[in-house]
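Here the numbering used here is used: the first residue of the sequence shown is 313, the next is one more, and so on.
So the structure is just underneath, and the comments pick up after that.
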Amino acid sequence: GRGRGSVNINVNKYNNINVNRNKINSNNKNSNWKHNANNRRGTPYRDSKSREQFGNKRSGADKRQNYRGRDTQRDKARSTLDKRAISPSDGRKQLQGSDGYKARDSVNKANRDFSQKNNTRQSSN
313 GRGRGSVNIN VNKYNNINVN RNKINSNNKN SNWKHNANNR RGTPYRDSKS REQFGNKRSG
373 ADKRQNYRGR DTQRDKARST LDKRAISPSD GRKQLQGSDG YKARDSVNKA NRDFSQKNNT
433 RQSSN
């Protein structure tokens, strides 16, 4: 009937899991575990203290600073916004109401000026 099958368990067989793992020779007193940051394969440390402790030096990071938007164009954009009386650090509440209209009017004026320049160029061709 149902559920009355026989089960044969061979106790002479065993799982052969993790047999070829790296073993630390405990007989050798000079055997120490050493952290190797290359084994992390890009996995970040949980905090900067751990990163500094294990010496994960990111070579070339100082050379990549120019690709992060920290250049003269940022200063130029900031001065343009200052001329338009728009501060990027202002919160949304400060840009609502009459001040918000001022910001929108400034942007709309810039768009109109740009459109007029393009229309003038196209009509002269």
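Backbone N, C-alpha and C define an ideal beta-carbon position, used for all residues, glycine too.
Q: Check each candidate in 366, 388, 361 and 396 and name the one with the smallest Cα separation from residue 351.
A: For the residues 366, 388, 361 and 396, the minimum Cα distance to residue 351 belongs to 366.
Q) Where does the unbroken alpha helix (DSSP H) through residue 353 begin, and where does it stop? A) According to the DSSP assignment, residue 353 belongs to no alpha helix (DSSP H), since it is labelled neither H nor E.
Q. Excluding five sequence neighbours on each side, which residues of the same chain lie with their C-beta closer than 7 Å to the C-beta of residue 347?
A. Excluding sequence neighbours, residue 347 sits near 366.
Q | Continuous alpha helix (DSSP H) stretch holding residue 361: start and end | A | Per DSSP, residue 361 is one residue of the alpha helix (DSSP H) stretching across 360 to 365.
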